[in-house]
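Line by line, the protein sequences give chains A and B. For the first sequence, our numbering begins at 3 and goes up steadily by one. For the second sequence, our numbering begins at 857 and goes up steadily by one. Virtual Cβ for every residue (Gly too), placed ideally from N, Cα, C. Input: a single structure, listed below in structure tokens.
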Amino acid sequence: MTSYVLQRAAQAVALLALVSLVGYAIMNLAPGGPLAVYMHNPQVTPERIAILRHQLGFDRPWYARYVVWAGALLRGQWGDSYYTGRPVLAMIGERLPATLALMLSAFGLAIALAIPLGTFAATHKYSWGDTALSLGSFFAWAMPTFWFGLMLQLLFAVRWRLLPVAGMHEIGNASLPDLVRHLVLPALVLGLGSIASWSRYLRSSLLEVLSQDYVRTARAKGLPETRVRQRHMLRNSLIPIVTLIGLDLHALFSGAVITESIFGWPGMGRLFLEALNNRDYPVQMAGLMLSAALLVAGNLMADLAYVALDPRIRYR
Amino acid sequence: MMAARIWRRFRRHRAAVAGAVALALVMGGAVLAPLLTPYSPTALDPDHALEAPTPRHPLGTDDLGRDELARLLYGGRVSLLVGITAMLVGSAIGVTLGSAAGYLGGRVDAAVMRLVDLVLSFPAIFLLLILLNWTAGRAPVALMVGYLGLFGWTGLARIVRAEYLSLREREFVEAARAGGAGVRRVVFRHILPNAMAPILVQAAFAVGGAMLAEAALDFLGFGLPPEIPTWGNLMTQAESYLTSNPVLVIAPGAVVTLSVVAVFFIGDALRDALDVRAQ
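Shown next as structure tokens:
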């Protein structure tokens, strides 16, 4: 088991290195570049541009800059933003908590809704409720996320005035209830896809467990139905869901880019989009590496949790 | 008689039949756009900007006075075209690599599967956004189709590989080889037709996925150029008028949802009708 974990961890690190190299190359080889904005500005003299180019290292080839960037990263230095001149780490520190709050809420909401919905669908197979849930998940997957968000804004914020349209806080109000009010719609938008897929997956997983011998045994020895469901069925059918959840971790981070744009949420997703528009390479690299790390960590966690939860699986 | 059985099983899925009808209507609207509306999707008419729906303009006009119905119909041409062609590009890559891996096995198989794993462990959306900065953050239609295809072939490659692994051992393949058929002929003329069912199912879902991805990129400002009417661009450009003219946002989004849900229903029913085991 330990050697398996070590091997997987080594793979993960190699993968992150590869993602960073590919990302850095694509970014730096793009035509234009961070200095292009100054080219047509008569206020900025060619000499000034030459100094900037040297300071940012653009007089050297991209792979030389990559080595410098990667070396600094290994020492824990993320560099300074080309655009604001501030340390990237400080900029992330300001934005990451908002994204994490959003992701966690979406995650919590998805778990809280997907488990009862999936259990209901499995125990009421082919009932009208099951059919409605099945149709509903197809619609949830088929709606453009941002359109769903705009429709929620239109109904809940504009028409019925129940919830705020956008933002994270009312001005001068940093209380928790205010944050929660602002979180409801973005969390629902971000979590909708997960609610649909986790509940569908749980349904089929439960139906599979339903016909297992140990469920029949549990019933035969006279256990109450609720106990059979919770202890014997649900627990076992949650194992495959864990894999799905690990894989969805990264989907939530990617989805946050869109959700944050709809709701003016001051998180990492919008920071990344701003960095793209400003050709702010150090901040772009930070966003890319964070998402790659989440993807790799999610995959790893899914595999390890699978091993930990299911005693039938053992790695040497 | 095979087709009749498939059709009979497909028809049982009422949602899929309704989806097929809805999709036919949406596609018909896009193809026959010039017959259905006298307006151009790009002609500006600033004197009649942001008009509410009237018999003259059934869905009103946008902020530049362009007829929304015309933009919706013509926009469908672009959005559907991107969805279908991106699926074709992705399928071409996925089928080629998947059949090579499944049929040839050995080192080719290992290399292709490693490539699939690698592509899947790349944060696709972030890389795609960075890639889009090569063309100043907007991609022309052909490039967008290429990008979406390039990121959307892995699932199909895995499925095709699995099909080939089991099909290549079958007697009819043996017979074809004994009859002197070359590798290309065996792979594409003998095995591929037998692996069509899961490919078709996957293709249906891929069309929907590509349409959603394109619309999402439009919304982020990294999609097709804003002057091209697409369903994603329509919604994005109308976002500021959500309160005053909600129909400008509601209509294109409803049409996207309807089209994508239709292809998903069709894919789901095909899976059942063609006897493809669930993934």
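Exposed or buried, what is Met216(A) when buried is set at 16 or more other beta-carbons lying within 10 Å of its beta-carbon? To locate residue 216(A), count along the first sequence from 1; it is residue 214. With the sequence shown as reference, residue 216(A) is identified as Tyr, and Met is not the correct amino acid for it. With fewer than 16 other Cβ atoms within 10 Å, it is exposed.
Please name the residue, chosen from Phe255(A), Val90(A), Met235(A), Leu156(A), that lies closest to Met105(A) on a Cα-to-Cα basis. If you number the first sequence from 1, residue 105(A) lands on position 103. If we check each option's Cα against that of Met105(A), Phe255(A) comes out closest.
Inter-residue CB distance, Pro268(A) and Ala100(A) (contact presumed, cutoff 8 Å): Here residue 268(A) corresponds to residue number 266 of the first sequence, with the count starting at 1. Here residue 100(A) corresponds to residue number 98 of the first sequence, with the count starting at 1. Right, their Cβ atoms sit about 5 Å apart.
Closer than 8 Å by beta-carbon distance: list the chain A residues that pair up with Pro1102(B), in chain order. Here residue 1102(B) refers to the residue found at position 246 when the second sequence is read from its first residue. What Pro1102(B) touches in chain A: Leu156.
Are the beta-carbon atoms of Met943(B) and Ala1069(B) separated by less than 8 Å? Position 87 of the second sequence, counting from 1, holds the residue named residue 943(B). Position 213 of the second sequence, counting from 1, holds the residue named residue 1069(B). The answer is no: Cβ separation not under 8 Å.
Residue-level contact to chain B via CB, Thr86(A), 8 Å cutoff: Start at 1 with the first residue of the first sequence, and residue 86(A) comes out as number 84. Output row for Thr86(A): interface = no.
Are the stretch 1010-1024 of chain B and the stretch 957-973 of chain B in contact at 8 Å, needing three or more beta carbon pairs? yes
Contacts that Ala144(A) makes with chain B (C-beta to C-beta distance below 7 Å): For the purposes of this step, residue 144(A) is taken as the residue at position 142 of the first sequence. Under the 7 Å cutoff, chain B gives Gly1064, Thr1113, Val1116, Val1117, Phe1120.
Chain B contact residues for Asn43(A), given Cβ-Cβ distances below 9 Å: Residue mapping note: residue 43(A) aligns to position 41 of the first sequence, counting from 1. The premise fails here: Asn43(A) is roughly 18 Å from chain B at the closest Cβ pair, so nothing lies under 9 Å.
What's the gap between the Cα of Phe265(A) and the Cα of Arg1024(B)? To locate residue 265(A), count along the first sequence from 1; it is residue 263. To locate residue 1024(B), count along the second sequence from 1; it is residue 168. Roughly 52 Å separates the two Cα atoms.
Kindly indicate which residue of Val1132(B), Val1117(B), Pro1085(B) has the alpha-carbon position closest to the one of Val997(B). Taking the second sequence and counting its residues from 1, the one referred to as residue 997(B) is at position 141. The candidate whose alpha carbon is nearest that of Val997(B) is Pro1085(B).
Identify the residues that DSSP records as bridge partners of Thr917(B): which are they? The count along the second sequence starts at 1 and reaches residue 917(B) at position 61. According to DSSP, Thr917(B) bridges with Asp923(B).
Roughly how far, in whole angstroms, is the beta-carbon of Val1116(B) from the beta-carbon of Ala144(A), given that I think they are within contact range, below 8 Å? As a first step, residue 1116(B) is located in the second sequence; it is residue number 260 there, counting from the start. As a first step, residue 144(A) is located in the first sequence; it is residue number 142 there, counting from the start. That pair is a contact at about 4 Å.
Can you tell me which of the three DSSP states Pro996(B) falls into? Numbered from its first residue, the second sequence carries residue 996(B) at position 140. Correct three-state label for Pro996(B): coil.
Is Leu208(A) close to chain B? Criterion is C-beta to C-beta, closer than 8 Å. As a first step, residue 208(A) is located in the first sequence; it is residue number 206 there, counting from the start. Judged by the 8 Å Cβ criterion, Leu208(A) is not in contact with chain B.
Which residue comes first and which comes last in the alpha helix (DSSP H) that contains Ile117(A)? Taking the first sequence and counting its residues from 1, the one referred to as residue 117(A) is at position 115. Residues 90-125.
For a test of the three-state rule: what should DSSP assign to Asp82(A), helix, strand or coil? If you number the first sequence from 1, residue 82(A) lands on position 80. Residue state, collapsed to three classes: strand.
Mind checking the stretch 992-1021 of chain B against chain A and listing, in chain order, the residues whose C-beta falls within less than 8 Å of any C-beta there? Ala992, Gly993
Run through DSSP, which three-state label would His171(A) get? Here residue 171(A) corresponds to residue number 169 of the first sequence, with the count starting at 1. In the structure shown, His171(A) sits in coil (DSSP, three-state: anything other than H, G, I, E or B).
Output needed for Gly59(A): all residues of its chain with C-beta closer than 7 Å, excluding positions within five of it in sequence on either side, in chain order. As a first step, residue 59(A) is located in the first sequence; it is residue number 57 there, counting from the start. The residues are Arg67, Val70.
Give the residues of chain A in contact with Phe866(B), contact being defined as C-beta atoms less than 7 Å apart. In the second sequence, the residue the question calls residue 866(B) occupies position 10. None at all; the shortest Cβ gap to chain A is about 16 Å.
Sub-8 Å separation of Leu1004(B) and Leu278(A) beta-carbons: For the purposes of this step, residue 1004(B) is taken as residue 148 along the second sequence, with counting starting at 1. For the purposes of this step, residue 278(A) is taken as residue 276 along the first sequence, with counting starting at 1. No, the pair does not count as a contact, with Cβ atoms beyond the cut-off.
Mapping the DSSP letters down to three states, classify Pro166(A) as helix, strand or coil. Residue mapping note: residue 166(A) aligns to position 164 of the first sequence, counting from 1. Note: Pro166(A) maps to coil in three-state DSSP.
So, is Thr898(B) buried or exposed, given that buried needs 16 or more other C-beta atoms within 10 angstroms? Here residue 898(B) is taken as the residue at index 42 of the second sequence, counted from 1. The residue is exposed, with fewer than 16 neighbouring Cβ atoms inside 10 Å.
Provide the residue span of the alpha helix (DSSP H) that contains Phe274(A), from first to last. The residue you call residue 274(A) lines up with position 272 of the first sequence. Start and end: 270-279.
How about Pro1054(B) and Val1132(B): do their beta carbons lie closer than 8 Å? Position 198 of the second sequence, counted from the start, is the residue given in the question as residue 1054(B). Position 276 of the second sequence, counted from the start, is the residue given in the question as residue 1132(B). A contact, by the Cβ cut-off of 8 Å.
Alpha carbon to alpha carbon, what distance is there between Gly35(A) and Thr86(A)? For the purposes of this step, residue 86(A) is taken as residue 84 along the first sequence, with counting starting at 1. For the purposes of this step, residue 35(A) is taken as residue 33 along the first sequence, with counting starting at 1. Cα-Cα distance, rounded: 16 Å.
To be precise: take each residue of the stretch 284-295 of chain A, compare its Cβ to all Cβ atoms of chain B, and keep it if any distance is under 7 Å. Which residues remain? Gln286, Gly289, Leu290, Ser293, Ala294
To which residues of the same chain is Leu251(A) closer than 7 Å at the C-beta, ignoring the five residues directly before and after it? Looking up residue 251(A) in the first sequence gives position 249. The answer, listed in chain order, is Leu296, Gly300.
Is Thr1099(B) close to chain A? Criterion is C-beta to C-beta, closer than 8 Å. In the second sequence, the residue the question calls residue 1099(B) occupies position 243. It does; some Cβ of chain A falls within 8 Å.
By Cβ distance below 6 Å, which residues in the same chain neighbour Arg318(A) in space, the five residues on each side in sequence not counted? Position 316 of the first sequence, counted from the first residue, corresponds to residue 318(A). For Arg318(A), the predicted model reports a pLDDT of 48, less than 50, meaning its position is unreliable; a value from the coordinates is still stated below. No residues qualify anywhere along the chain.
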